[in-house]
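Accompanying notes for the structure given below.
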Amino acid sequence: MARPERPRASQRDPRTAIPLSEQAFFVLLALVDGERHGYGIMRDVEERTNGAMKLGAGTLYGLLKRLLAAGIVDETAERPDPELDDQRRRYYRLTAFGAAVLAAETRRLEELIRAARPKRARIEAGSRGLKPRPA
Amino acid sequence: MKPITEQATDPLLFRVLLLLYPPDVRREFGPAILQLLRDQRRDLGQGTTWGRIRFCWTATADLCLSALRERASVRRDRAHAHASPARYHTWAAGLLIGMAAANIVYDVLSPKLAMGIGALILTALAPCLGLLLLLRARRLVRRR
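For the protein sequence lines, the chains are D and A, in the order given. Numbering follows our numbering, with no gaps: position 91 of the first sequence is 194. Numbering follows our numbering, with no gaps: position 57 of the second sequence is 95.
Quick look at the structure:
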C-alpha cells in the first residue's frame, strides 16, 4: 500500500505554524523586503528592535534551519556579483507559505492587542501599583 | 552592501566551538556561521579592546548554547523517530509470551494435577497473541 504523501508547504494551513517565537517573527519581517544573507538579517533585526534584540550567529542559523525545514524560508541559488559580495554567504527568502504564516501571525498579534486595548488604562494602573478603578 | 576588501581570518576559537555542533548541522551551516562572525568582526573593525573582548564573549556563549540546543533537538528527533508503534507491539508481545512461559513453568512445577480451564485457555492464547503482535511489529518496521 502506498503511503500518503506529506502535504506540500504551499498546501498546508499557515495557522499550523503559529505562534512564532519573537525571534522567528523578526527574522521573517527582515525577509519581507527581499532576500538577505545571515548578517543582513541580523542587522535588520537589531535595527528594527532598536538594539533590544541581538541575534547571535548560532541562534540565527539554528532558527533558519528550523524555518527551512518547515518550508517557511528558502535558500536562493542566485548570488550577487562575486566582486561585490562573498560567495560563502548564503541568501534566504520568504516562501509563499512563509508569507502566509507571517500574515497569520500578524493577525493573531493584532487580535491580542485589540483584546487588551480597552483594558489598557487599568493594566497600566495595575502595573504601577495603583488600585484599579472598578468597572 | 559594502564591497569586501579584506577578509579577517577565522579565529581558531570559533572553529573549535563549531565542533560542539552535531556533524550534520556543522557541515550544513558551519561555513555560514563563520562567515557571519567574520562579517561582525569586520564591522567591529579596530574597535576598543573591551569591544573585541565583549564580541568574543557573546559569540562564544551563543555558539555554546546554540550547539547544546541543536544537540538536544537531534536527540529529540531521534527519540521521536524510534517511538514507532512497532516498539509498543514488541513490548506487548514480549509481555504476553513471558506471561505464558511463566504460566507453563508454574503449572509444571506446581503439585496441581489438573489445570483450570481459564489457565489452559490463557496459556494457549498468550503465545499466539504474542506471535501475532511480533509479526505485526515486523510488518510495521518493514513499512517504515
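For every residue, glycine included, the Cβ atom is placed at its ideal position computed from N, Cα and C. Computed from a predicted structure; not experimentally measured.
Chain D has no Cβ within less than 8 Å of the Cβ of A/Leu147. Here D/Arg118 is actually not in contact with D/Ala219; their C-beta atoms are around 21 Å apart, not less than 8 Å.
Of all residues in the stretch 88–119 of chain A, the ones placed with a Cβ closer than 9 Å to any Cβ belonging to chain D are Thr96, Ala97, Ala99, Asp100, Leu101, Cys102, Leu103, Ser104, Ala105, Arg107, Glu108 and Ser111, in chain order. With fewer than 16 other CB atoms across the displayed protein chains lying within 10 angstroms of its CB, A/Tyr126 is exposed. Taking a contact to require three or more Cβ pairs closer than 8 Å, the stretch 91–111 of chain A and the stretch 190–201 of chain D do not qualify as touching. Taking CB atoms only, A/Ala175 has no neighbour in chain D less than 8 Å away.
When the alpha-carbon of A/Ile71 is set against those of D/Gly141, D/Arg169, D/Arg196 and D/Glu125, the nearest one is in D/Gly141. Take the alpha-carbon of A/Gly132 and the one of A/Arg113: they are about 27 Å apart.
The Cβ atoms of A/Arg107 and D/Gly165 sit closer than 8 Å to each other. A direct Cα-to-Cα measurement between D/Arg210 and A/Met137 gives close to 57 Å.
Counting of Cβ neighbours within 10 angstroms places A/Leu173 among the exposed residues, the total staying below 16. Interface flag for A/Ile71 against chain D is set, since a Cβ pair is found closer than 8 Å. The beta carbon of D/Arg115 sits closer than 7 Å to those of Phe200, all from its chain and outside the five residues before and after it, given in chain order. The criterion of a C-beta distance shorter than 8 Å is not satisfied by A/Gly168 and A/Leu147.
Look at D/Arg139 here: in three-state DSSP terms it is strand. Taking D/Ile226 as the centre and dropping the five residues before and after it, the same chain places the C-beta of Ala219 closer than 8 Å to its C-beta, in chain order.
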